[in-house]
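Mapped onto my numbering, the consecutive letters of the sequence shown carry residue numbers 1 to 187.
The next block holds one structure in the form of C-alpha coordinates; read it before the comments.
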Amino acid sequence: LVGSEMCIRDRLSAGGGSPQIIEEYRKVVETCKICRCWARPEHRATNSTRICNKINEQIEVGLLFWKNHVLLHMIDCCIRWTVCKILPDKRTETVLDAIEEHWFSHHEPPMVLISDHEGALDSDAARFRADRKSVKLKLKPHGSIGASTVERHHEFLRDHLHKIDAAVKEEGLPRIEDKHVLQEVEF
(Lines of atoms letter the chains of each structure in order from A and count residues from 1; the text may use other names and numbers.)
(Lines give C-alpha, C1' and ligand atoms only; values in the text may rest on other atoms or scores of the structure.)
Protein backbone atom coordinates (compact mmCIF):
# COMPACT_ATOMS: atom_id res chain seq x y z
CA LEU A 1 0.00 0.00 0.00
CA VAL A 2 1.46 3.30 -1.06
CA GLY A 3 -0.39 6.32 0.29
CA SER A 4 -0.55 8.87 3.01
CA GLU A 5 0.35 7.03 6.20
CA MET A 6 -1.80 9.25 8.42
CA CYS A 7 -4.78 9.00 6.07
CA ILE A 8 -4.64 5.22 5.94
CA ARG A 9 -4.07 4.95 9.72
CA ASP A 10 -7.15 7.14 10.26
CA ARG A 11 -9.19 4.96 7.91
CA LEU A 12 -8.05 1.80 9.68
CA SER A 13 -9.02 3.30 13.05
CA ALA A 14 -12.39 4.51 11.76
CA GLY A 15 -13.06 1.07 10.29
CA GLY A 16 -12.48 -0.60 13.64
CA GLY A 17 -8.94 -1.80 12.97
CA SER A 18 -7.19 -3.10 16.04
CA PRO A 19 -4.16 -1.27 17.45
CA GLN A 20 -2.02 -4.26 16.42
CA ILE A 21 -3.08 -3.90 12.76
CA ILE A 22 -2.42 -0.17 12.82
CA GLU A 23 1.02 -0.76 14.37
CA GLU A 24 1.77 -3.42 11.74
CA TYR A 25 0.80 -0.99 8.97
CA ARG A 26 3.14 1.65 10.47
CA LYS A 27 6.00 -0.90 10.41
CA VAL A 28 5.31 -1.75 6.74
CA VAL A 29 5.31 1.93 5.78
CA GLU A 30 8.57 2.53 7.67
CA THR A 31 10.27 -0.30 5.79
CA CYS A 32 8.79 0.49 2.35
CA LYS A 33 11.55 2.05 0.27
CA ILE A 34 9.08 3.93 -1.96
CA CYS A 35 7.04 5.30 0.95
CA ARG A 36 10.18 6.57 2.71
CA CYS A 37 11.58 8.03 -0.49
CA TRP A 38 8.51 10.20 -1.10
CA ALA A 39 7.46 10.91 2.48
CA ARG A 40 6.69 14.55 3.08
CA PRO A 41 6.82 16.57 6.29
CA GLU A 42 3.67 17.10 8.33
CA HIS A 43 1.05 19.46 6.91
CA ARG A 44 1.30 23.10 7.81
CA ALA A 45 -1.93 24.67 8.95
CA THR A 46 -3.51 27.26 6.68
CA ASN A 47 -6.71 29.20 7.16
CA SER A 48 -9.31 29.61 4.48
CA THR A 49 -12.49 31.61 4.75
CA ARG A 50 -13.73 31.08 1.21
CA ILE A 51 -16.84 28.92 1.16
CA CYS A 52 -18.46 27.59 -2.00
CA ASN A 53 -22.00 26.29 -1.90
CA LYS A 54 -22.53 25.37 -5.53
CA ILE A 55 -20.73 23.18 -8.01
CA ASN A 56 -18.86 25.17 -10.66
CA GLU A 57 -19.22 28.40 -8.69
CA GLN A 58 -15.45 28.77 -8.32
CA ILE A 59 -12.65 26.80 -9.89
CA GLU A 60 -8.95 27.16 -9.26
CA VAL A 61 -6.39 26.71 -12.00
CA GLY A 62 -2.66 26.14 -11.80
CA LEU A 63 0.22 24.73 -13.78
CA LEU A 64 2.24 21.85 -12.40
CA PHE A 65 5.50 20.58 -13.84
CA TRP A 66 6.18 16.84 -13.81
CA LYS A 67 9.07 15.19 -15.64
CA ASN A 68 9.22 17.15 -18.90
CA HIS A 69 5.47 17.87 -18.95
CA VAL A 70 3.39 20.94 -18.24
CA LEU A 71 0.20 19.86 -16.46
CA LEU A 72 -2.91 22.04 -16.39
CA HIS A 73 -4.60 21.33 -13.07
CA MET A 74 -8.17 22.58 -12.44
CA ILE A 75 -10.29 21.95 -9.36
CA ASP A 76 -13.84 22.84 -8.32
CA CYS A 77 -13.70 24.58 -4.94
CA CYS A 78 -17.03 23.13 -3.77
CA ILE A 79 -16.68 19.40 -4.40
CA ARG A 80 -12.94 19.24 -5.19
CA TRP A 81 -13.58 17.68 -8.63
CA THR A 82 -10.22 17.64 -10.38
CA VAL A 83 -9.28 17.77 -14.05
CA CYS A 84 -5.64 17.50 -15.03
CA LYS A 85 -4.29 17.46 -18.58
CA ILE A 86 -0.85 17.32 -20.16
CA LEU A 87 -0.15 20.40 -22.29
CA PRO A 88 2.42 20.65 -25.08
CA ASP A 89 3.61 24.04 -23.72
CA LYS A 90 2.55 26.83 -21.37
CA ARG A 91 1.78 29.48 -23.97
CA THR A 92 -1.28 31.62 -23.27
CA GLU A 93 -3.35 30.24 -26.16
CA THR A 94 -2.51 26.64 -25.25
CA VAL A 95 -3.57 27.08 -21.61
CA LEU A 96 -6.75 29.03 -22.46
CA ASP A 97 -7.78 26.52 -25.14
CA ALA A 98 -7.24 23.64 -22.70
CA ILE A 99 -9.34 25.32 -19.99
CA GLU A 100 -12.18 25.81 -22.46
CA GLU A 101 -11.87 22.28 -23.88
CA HIS A 102 -11.46 20.34 -20.64
CA TRP A 103 -13.60 22.38 -18.24
CA PHE A 104 -15.95 24.84 -19.96
CA SER A 105 -17.13 22.35 -22.61
CA HIS A 106 -17.94 19.70 -19.97
CA HIS A 107 -19.17 21.75 -17.01
CA GLU A 108 -20.03 25.20 -18.44
CA PRO A 109 -17.90 28.20 -17.58
CA PRO A 110 -17.63 28.79 -13.82
CA MET A 111 -18.75 32.00 -12.16
CA VAL A 112 -15.21 32.66 -10.86
CA LEU A 113 -11.86 31.35 -12.10
CA ILE A 114 -9.10 31.75 -9.50
CA SER A 115 -5.37 31.53 -10.16
CA ASP A 116 -2.09 32.97 -9.07
CA HIS A 117 -0.37 35.28 -11.53
CA GLU A 118 0.18 32.41 -13.96
CA GLY A 119 1.53 34.00 -17.15
CA ALA A 120 -1.28 32.67 -19.33
CA LEU A 121 -4.09 33.89 -17.06
CA ASP A 122 -2.50 37.25 -16.28
CA SER A 123 -2.93 38.46 -19.85
CA ASP A 124 -5.26 40.52 -22.00
CA ALA A 125 -6.23 37.39 -23.94
CA ALA A 126 -7.35 35.66 -20.73
CA ARG A 127 -9.31 38.70 -19.56
CA PHE A 128 -10.98 38.95 -22.98
CA ARG A 129 -11.98 35.27 -23.02
CA ALA A 130 -13.21 35.44 -19.40
CA ASP A 131 -15.36 38.49 -20.20
CA ARG A 132 -16.72 36.79 -23.32
CA LYS A 133 -17.83 33.78 -21.20
CA SER A 134 -19.06 35.95 -18.27
CA VAL A 135 -16.40 34.50 -15.97
CA LYS A 136 -14.87 36.64 -13.23
CA LEU A 137 -11.11 36.14 -13.44
CA LYS A 138 -9.61 36.47 -9.96
CA LEU A 139 -5.83 36.56 -9.71
CA LYS A 140 -4.34 36.19 -6.26
CA PRO A 141 -1.95 39.01 -5.32
CA HIS A 142 1.80 38.49 -5.60
CA GLY A 143 3.29 37.14 -2.38
CA SER A 144 0.04 35.55 -1.20
CA ILE A 145 -0.56 31.83 -0.93
CA GLY A 146 -2.08 31.88 -4.40
CA ALA A 147 -4.84 29.52 -5.43
CA SER A 148 -4.46 27.49 -2.25
CA THR A 149 -6.82 24.60 -3.02
CA VAL A 150 -5.23 23.71 -6.34
CA GLU A 151 -1.74 24.23 -4.92
CA ARG A 152 -2.49 21.82 -2.08
CA HIS A 153 -3.78 19.32 -4.61
CA HIS A 154 -0.57 19.84 -6.64
CA GLU A 155 1.23 18.27 -3.67
CA PHE A 156 -1.09 15.24 -3.66
CA LEU A 157 -0.83 14.84 -7.41
CA ARG A 158 2.95 15.18 -7.53
CA ASP A 159 3.35 12.79 -4.59
CA HIS A 160 1.22 10.09 -6.22
CA LEU A 161 2.84 10.52 -9.63
CA HIS A 162 6.30 10.02 -8.10
CA LYS A 163 5.14 7.05 -6.04
CA ILE A 164 3.64 5.32 -9.06
CA ASP A 165 6.82 5.92 -11.09
CA ALA A 166 8.97 4.57 -8.27
CA ALA A 167 6.72 1.53 -7.74
CA VAL A 168 6.72 0.67 -11.46
CA LYS A 169 10.54 0.80 -11.54
CA GLU A 170 10.90 -1.11 -8.25
CA GLU A 171 8.58 -3.90 -9.40
CA GLY A 172 10.18 -4.13 -12.84
CA LEU A 173 6.94 -3.44 -14.68
CA PRO A 174 6.96 -2.28 -18.30
CA ARG A 175 6.96 1.49 -18.75
CA ILE A 176 3.49 3.03 -18.55
CA GLU A 177 2.73 6.06 -20.72
CA ASP A 178 2.67 9.25 -18.67
CA LYS A 179 -0.86 10.15 -19.84
CA HIS A 180 -2.15 6.84 -18.43
CA VAL A 181 -0.38 7.37 -15.11
CA LEU A 182 -1.92 10.84 -14.91
CA GLN A 183 -5.40 9.44 -15.62
CA GLU A 184 -5.06 6.98 -12.75
CA VAL A 185 -3.86 9.63 -10.32
CA GLU A 186 -6.44 12.20 -11.39
CA PHE A 187 -9.24 10.26 -9.74
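In this text, a Cβ means the ideal position worked out from N, Cα and C, and glycines have one as well.
| said: Classify residue 129: buried if its beta carbon has 16 or more other beta carbons within 10 angstroms, exposed otherwise. | reply: Here residue 129 refers to the residue found at position 129 of the sequence shown. Counting Cβ neighbours within 10 Å, residue 129 comes out buried, since at least 16 surround it.
| With contact counted as at least three CB pairs below 8 Å, one residue from each stretch, are the stretch 87-97 and the stretch 63-73 in contact? | yes
| said: Please report the distance separating the alpha-carbon of residue 176 from that of residue 90. | reply: What you label residue 176 is simply residue 176 of the sequence shown in a count that begins at 1. What you label residue 90 is simply residue 90 of the sequence shown in a count that begins at 1. Each residue's alpha carbon lies about 24 Å from the other.
| 7 Å Cβ shell around residue 110 - same chain, five flanking residues per side excluded | Against the sequence shown, residue 110 aligns to sequence position 110. Around residue 110: 56, 57, 58, 59, 135.
| query | Considering only residues of the same chain and omitting the five flanking positions on each side of residue 138, which have a CB-CB separation below 6 Å? | reply | Along the sequence shown, read from residue 1 onward, the residue named residue 138 stands at position 138. Closer than 6 Å at the Cβ level, and outside the excluded window around residue 138, lie 112, 114.
| Which whole-angstrom value is the C-beta distance of residue 181 and residue 121, which I expect to be below 8 Å? | Along the sequence shown, one-based indexing puts residue 181 at 181. Along the sequence shown, one-based indexing puts residue 121 at 121. About 26 Å separates the two Cβ atoms, so there is no contact after all.
| said: According to DSSP, is residue 117 part of a helix, a strand, or is it coil? | reply: Locating residue 117 in the sequence shown gives position 117, where the first residue counts as 1. Here residue 117 sits in coil by DSSP.
| field | Chain-order list of residues whose beta-carbon lies under 8 Å from that of residue 21 (same chain, five-residue window excluded) | value | Position 21 of the sequence shown, counting from 1, holds the residue named residue 21. Taken in chain order, the residues that qualify are 12.
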